[in-house]
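Here the structure comes first, spelled out in structure tokens, and everything after it is commentary.
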Amino acid sequence: MTSAATGVRCQDVPLPTAHGLTWDQAAGRACYACGKLLSSGAVLGGLALGRSGAHRLDTEVWACPDREAEQ
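Residues 10 to 80, numbered by the numbering used here, are exactly what the sequence shown covers, in order.
Okay, structure coming up:
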């Protein structure tokens, strides 16, 4: 998906820290860039890093698929 306002693909948005994610984004159910719920074709964005004291909060984040490339 491309952000209509910026023209940037969700998968090209820089990764946030784990602290900046919603529950759905941290669980891989929503796009880390735009927040839309994901279904098939999601693209692995990478690893959002974070820690709370001795606890690592690192989590994989996913982005909307590139619909333009599928057509």
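Ideal Cβ placement from N, Cα and C applies to all residues, glycine included.
Computed from a prediction, not measured in an experiment: that's the story for all the values here.
Check: Going by DSSP, what residues sit across from V52 in a beta bridge?
Finding: Looking at the DSSP output, V52 sits in a beta bridge with A72.
Notebook entry, point to check: Could you give the distance in angstroms between the alpha-carbon of L24 and the alpha-carbon of D67?
Noted result: One Cα belongs to L24, the other to D67, and the distance between them is close to 12 Å.
Item checked: Alpha-carbon spacing of S48 relative to S61, whole angstroms -> If I take the Cα positions, the gap works out to 30 Å.
Note to self: Can you check which of these residues, V52, A35 and C40, is closest to L58 by C-alpha distance?
What the structure shows: Checking every option, the nearest Cα to that of L58 belongs to A35.
Check: How many angstroms separate the CA atom of G29 from the CA atom of K45?
Finding: Distance between the alpha carbons of G29 and K45: 15 Å.
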